[in-house]
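Engineer: Throughout the sequence shown, residue numbering follows our numbering, covering 113 to 675 in sequence. Glycine is no exception: its CB is placed at the ideal position from the N, C-alpha and C atoms. I am attaching a structure below and will ask some questions about it afterwards.
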Amino acid sequence: MYINYNMDQLILPMDLETMIPEHHVSRTIHQQVEAIPETDIQSWQTAEGRPSYHPKMMLKVIPYAYSQGVTSGRKIASMTQENIPMMWLAGQQTPSYRTINRARISPHFDILLKNMFVSFHTFALKQQLISGEKMYVDGTKIEANANKYSFVWRKSSERFHANLQEKISALYEEMKQQVALDIEKDEKEDFSIAQLEQLDQVLSETIEALDASLCEADTVHQKTVKQEKRMWSKQQKQLQRDYLPRLQKYHMHFQQFGDRNSFSKTDVDATFMRMKEDHMRNGQLKAGYNVQIATENQFTLHCAIYQRPTDTRCLLPFLSSYKKQLGGLPNYIVADAGYGGEENYKYILEETDSLPVMPYTMYRKEQKRSYKKNVMHRDHWEYRAADDFFICPNQRKVNFQRYAYRTDRYGYVRDFKVYECEDCSDCPLRTQCTTAKSGKNRKIFYNPVWEELKHRARQSLTSETTATIYRQRKIDVEPVFGHVKALLGFTRFRLRGLPKVATEANLYFMANNMRKLARLACLYGKNTYPKSSFRFWIGIFLSQRTFCLGLLFFAYTKICYRL
């Protein structure tokens with residue numbers, strides 16, 4: 113006996129929703145999009161032209177495709193005709209791949225996606241999935257959609273530009289001696305494009321004058337006039353075909369650089385960075401972006417893209433964008449040592465009500481036994497505050513000399529107190545203590561502000577409450593990057609340009625949020641989520657299907673112990 117099989121028979125019910133599992137990720141996306149205020153949706157509406165697809169439909173279809181690891185516009189369009197959850201989300205409408213591609217690079221779509229993050233943040237707080245008291249910040253570098261050999265370096269452009277200016281100056285001096293020039297130029301200033309165009313105009317007038325004089329000159333002087341004309345024609349040709357295009361190109365390069373040292377000719381917003389995925393093991397730089405996220409309980413609350421390779425310079429603009437989008441900062445800002453700089457500590461402590469829970473670069477090294485036993489380090493010297501001097505290991509005074517300051521390339525000023533030993537000439541510990549040249553004493557540059565900030569950082573990392581929060585960092589924000597890379601295939605951008613890249617990254621991380629939320633709903637029932645941290649992390653662990661016997665055994669013993 114077989115089950116009845118007849119393709120020509122109409123089967124009820126005809127509603128696609130009944131064919132979708134109760135806790136499917138498509139239902140989660142539908143609920144989150146419907147929670148966005150209608151006023152935000154209506155702001156995208158226009159009365160001109162042909163009626164467009166509803167923004168809610170696009171905001172459901174595209175994140176769902178990303179949650180399934182599908183990012184191609186043509187494949188997403190095919191899913192709207194072949195995939196049942198996608199057909200339900202699209203309302204059985206079939207937008208073309210061009211419509212889908214235009215929608216996801218639209219600035220209106222980016223605004224709606226950010227509103228979806230705000231709505232999700234409110235939902236997570238209401239369901240107690242996050243506490244809202246802390247945020248875990250981390251970054252990763254994602255390769256751009258650009259040729260890895262399309263690099264342009266600032267130093268090379270500056271060197272080539274200087275060589276070009278020398279050639280233009282030589283031409284200018286030669287013309288100045290033989291032709292009347294009305295161009296005003298300071299010797300220290302570089303030639304501009306407008307000045308080069310004026311030189312071209314002067315050369316054209318000079319050649320026209322020589323043509324006129326050639327007709328009036330006798331046979332003896334014609335040869336001299338022709339030679340002079342050929343010389344100026346050659347100079348003009350070089351000016352038009354070489355000097356002027358190169359100067360325009362270098363000016364465009366300097367505009368693209370901004371405060372960067374490189375960019376890609378394929379994607380001018382991408383900066384060359386050293387990636388973790390170095391298969392050739394030669395430290396090759398690739399065009400990419402620095403992706404910064406803030407998470408809590410492995411849910412991505414905010415995402416931003418930066419062109420700077422280092423995380424230190426990304427924290428302050430990231431906190432500003434987080435505060436602008438979500439309305440404020442949590443009580444604790446948790447990050448790794450890559451963010452622990454003086455400017456970052458100072459900003460968080462003075463400009464916000466948050467507490468930075470992040471080590472500085474030397475914190476881990478300071479905990480080692482070898483560092484604590486190193487008597488040559490200034491931290492282990494005796495300091496007498498009354499007279500403001502240190503006592504070195506050879507019992508000699510290191511007296512205060514002067515105040516100094518240093519300004520980094522970004523304009524941040526650091527103040528120092530300079531100390532110098534009274535005499536290091538005959539010290540038996542000199543070779544171990546300093547690398548100063550013979551006849552010079554050891555100097556110490558002491559930054560009081562930085563030392564105070566490091567002291568407060570050590571206190572926050574050793575306090576019981578904040579130390580527990582910091583230990584949670586590596587199992588909170590790090591797995592999110594692993595999930596979007598391994599499960600969703602987010603290892604390289606498909607779009608070009610900073611705004612489009614930011615939208616693409618937001619799509620990946622929102623899709624990851626929806627997958628986690630759907631899996632938790634499947635484990636604990638609709639609108640019922642774990643309130644205890646232990647049950648939550650077991651649910652997160654199971655939601656990714658990365659079963660590990662060791663961790664399962666640990667969970668089993670933990671449950672048995674509680675029972």
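Go ahead and pull the three-state DSSP assignment for residue 126.
Structural biologist: If DSSP states are grouped into helix, strand and coil, residue 126 belongs with coil.
Engineer: Candidates 207, 427, 158: which alpha carbon is nearest residue 172's?
Structural biologist: Closest option to residue 172, Cα to Cα, is 207.
Engineer: Since residue 236 and residue 400 should fall inside the 8 Å C-beta cutoff, what is the C-beta to C-beta distance between them, to a whole number of angstroms?
Structural biologist: In fact, because the Cβ distance is near 30 Å, the residues do not count as touching under 8 Å.
Engineer: Pairing CB atoms from the segment 610-626 with CB atoms from the segment 194-214, are three or more of them under 8 Å?
Structural biologist: Contact between the segment 610-626 and the segment 194-214 is absent, because fewer than three Cβ pairs lie under 8 Å.
Engineer: Round the Cβ separation of residue 624 and residue 412 to the nearest angstrom and send it over; I've been treating them as touching at under 8 Å.
Structural biologist: Residue 624 to residue 412, Cβ: 7 Å. Contact.
Engineer: Do you know how far the Cα of residue 232 is from the Cα of residue 238?
Structural biologist: If you take the alpha carbons of residue 238 and residue 232, they lie about 10 Å apart.
Engineer: Under 8 Å between the Cβ atoms of residue 251 and residue 404?
Structural biologist: Contact: yes.
Engineer: Determine the contact status of residue 452 and residue 471, defining contact as a CB-CB distance below 8 Å.
Structural biologist: The answer is yes: Cβ separation under 8 Å.
Engineer: How about residue 212: is its Cβ closer than 7 Å to a heavy atom in the ligand ATP?
Structural biologist: Among the ligands in the structure shown, none appear at all, so the ligand ATP cannot be discussed.
Engineer: Output yes if chain D places a C-beta closer than 8 Å to the C-beta of residue 384; else output no.
Structural biologist: Structure shown: chain D not included; a single protein chain is present.
Engineer: Might you give, ordered along the chain, the residues of its own chain that have their beta carbon closer than 6 Å to the beta carbon of residue 674, omitting 5 neighbours on each side?
Structural biologist: Confidence at residue 674 is low in this model, with a pLDDT of 47, below 50, so its placement is unreliable and no value can be given for it.
Engineer: Taking contact to mean at least 3 C-beta pairs separated by less than 8 Å, is the segment 362-381 in contact with the segment 264-272?
Structural biologist: Result yes; three or more Cβ-Cβ pairs closer than 8 Å.
Engineer: Could you check whether residue 630 and residue 140 sit closer than 8 Å to each other, using their CB atoms as the reference points?
Structural biologist: Yes, they are a contact pair.
Engineer: Sort out for me which residues DSSP pairs residue 399 with in a bridge.
Structural biologist: DSSP, once it has assigned bridges, lists 384 as partnering residue 399.
Engineer: Taking the beta strand (DSSP E) that residue 514 falls in, what are its first and last residues?
Structural biologist: 509-519 is the extent of the beta strand (DSSP E) around residue 514.
Engineer: Considering Cα atoms alone, identify which of 599, 455, 338 is closest to residue 324.
Structural biologist: Checked all of 599, 455, 338; the closest Cα to residue 324 is 338.
Engineer: Grab me the residues of residue 654's own chain with a C-beta within less than 8 Å of its C-beta, minus the 5 sequence neighbours each way, in chain order.
Structural biologist: Model confidence at residue 654 stands at a pLDDT of 48, short of 50, so the residue's coordinates are unreliable; what they give is reported in the following sentence. If we look at residue 654 and ignore the five residues flanking it on each side, its Cβ neighbours are 631, 635.
Engineer: Decide if the segment 307-318 is in contact with the segment 278-291; the criterion is three or more beta carbon pairs, one per stretch, under 8 Å apart.
Structural biologist: They touch, by the three-pair rule.
Engineer: With a floor of 4 residues, list each alpha helix (DSSP H) that falls wholly inside the segment 277-357, ordered by position along the chain.
Structural biologist: As far as the segment 277-357 is concerned, its whole alpha helix (DSSP H) runs of at least 4 residues are 305-328, 331-350.
Engineer: So who's on the other strand from residue 168, going by DSSP bridges?
Structural biologist: DSSP lists no partner for residue 168.
Engineer: By Cβ distance, which residues of its chain are closer than 7 Å to residue 546, with the 5 residues on each side in sequence left out?
Structural biologist: If we look at residue 546 and ignore the five residues flanking it on each side, its Cβ neighbours are 536, 554.
Engineer: With a floor of 3 residues, list each beta strand (DSSP E) that falls wholly inside the segment 385-455, ordered by position along the chain.
Structural biologist: With a minimum length of 3 residues, the continuous beta strand (DSSP E) runs that stay inside the segment 385-455 are 397-408, 411-418, 444-446.
Engineer: Is the CB-CB distance between residue 582 and residue 446 below 8 Å?
Structural biologist: Contact flag set, yes.
Engineer: Between residue 314 and residue 287, is the Cβ-Cβ spacing less than 8 Å?
Structural biologist: Yes; because the gap between Cβ atoms is below 8 Å, this pair is in contact.
Engineer: Verify whether the separation of the beta carbon atoms of residue 441 and residue 427 is less than 8 Å.
Structural biologist: Not in contact: residue 441 and residue 427 (Cβ atoms no closer than 8 Å).
Engineer: Can you tell me whether DSSP reads residue 475 as helix, strand or coil?
Structural biologist: Three-state DSSP puts residue 475 in a helix.
Engineer: Identify the continuous alpha helix (DSSP H) that holds residue 248 and give its terminal residues.
Structural biologist: Unbroken run through residue 248 is the beta strand (DSSP E), 246-255; no alpha helix (DSSP H).
Engineer: List the endpoints of the continuous alpha helix (DSSP H) containing residue 200.
Structural biologist: Taken as a continuous stretch (DSSP letters only), the alpha helix (DSSP H) holding residue 200 covers 196-201.
Engineer: Rounded to the nearest angstrom, what separates residue 365 and residue 576 at their Cα positions?
Structural biologist: Distance between the alpha carbons of residue 365 and residue 576 is about 51 Å.
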